[in-house]
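Colleague: Below: one structure in structure tokens.
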Amino acid sequence: MTKITLNVNKENIDPPGFALSEKDIVCPQVGSVSFPKRKSVGILAPYVEAYYDSKKNILTAKAVVYVDLTAENIDFKCRVFQNCYIDMDGNAQLQFFIAYDTPEKVSKDFTIHEISFEANKDYFKGQFANVKTIQTFLWDIDPETSRGTETTVQHGG
């Protein structure tokens with residue numbers, strides 16, 4: 003996926019889609035990591051896994067994200083937005099945006115957060131059973147950058 007940089011004013015901008023209920027989003031800190039030689043500004047790509055449970059017709063995702071350790075975000079809070087789009091073959095597909103504010107500076111120290119969420123059937127035009135991949139983006143709400151990844155959905159149940 004490509005890094006996207008917007009040239010707009012500095013007010014907060016939410017990503018496309020519908021905000022999932024905050025009570026259904028779990029994002030505990032599970033560790034920390036340092037990259038002492040890091041010289042670039044920007045969001046580190048998330049690691050994402052997605053699962054479809056055919057018995058319950060539930061699609062869940064778990065993302066591991068790296069959050070810049072600063073005084074501004076010492077109490078990490080995020081929101082997850084779900085977006086539906088139609089791919090080139092005419093199939094409904096899912097995108098998720100994990101939105102939070104991150105400082106625009108070179109960062110070497112990060113907390114690691116495991117964010118778990120469930121797709122909402124009401125905001126999807128297709129069938130979860132037909133979803134082969136999802137796209138998940140980290141979205142900086144202020145809005146300097148976003149970064150994403152495409153993940154294969156593992157089917158089981």
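Per the numbering used here, residue 3 is the first one in the sequence shown, and the count goes up by one each step. Cβ atoms here follow ideal geometry from the backbone N, Cα and C, with glycine treated the same way. A quick note: this is a predicted structure, and the numbers were derived from the prediction, not measured.
DSSP three-state call for residue 142: helix, strand or coil?
Modeller: strand
Colleague: Comparing alpha-carbon positions, which option in 119, 106, 68, 155 lies nearest residue 31?
Modeller: 68
Colleague: For residue 120, which three-state DSSP category applies?
Modeller: Residue 120 carries a strand assignment under DSSP once its states are collapsed to helix, strand and coil.
Colleague: Using a Cβ distance threshold of 8 Å, determine whether the stretch 74-88 contacts the stretch 98-111, with at least three qualifying pairs required.
Modeller: Contact annotation: the stretch 74-88 touches the stretch 98-111, with at least three C-beta pairs closer than 8 Å.
Colleague: Ignoring anything shorter than 3 residues, give me the beta strand (DSSP E) runs that lie fully in the stretch 90-119, in order along the chain.
Modeller: Within the stretch 90-119, complete beta strand (DSSP E) segments of at least 3 residues are found at 94-102, given in chain order.
Colleague: Whose C-alpha, out of 117, 105, 93, is nearest the C-alpha of residue 143?
Modeller: Here the closest residue by C-alpha is 105.
Colleague: Answer yes or no: do residue 96 and residue 119 have a C-beta to C-beta separation smaller than 9 Å?
Modeller: no
Colleague: Within the same chain, show all residues whose beta-carbon is closer than 7 Å to that of residue 37, passing over the 5 residues directly before and after it, in chain order.
Modeller: Cβ neighbours of residue 37 beyond the five flanking positions: 110.
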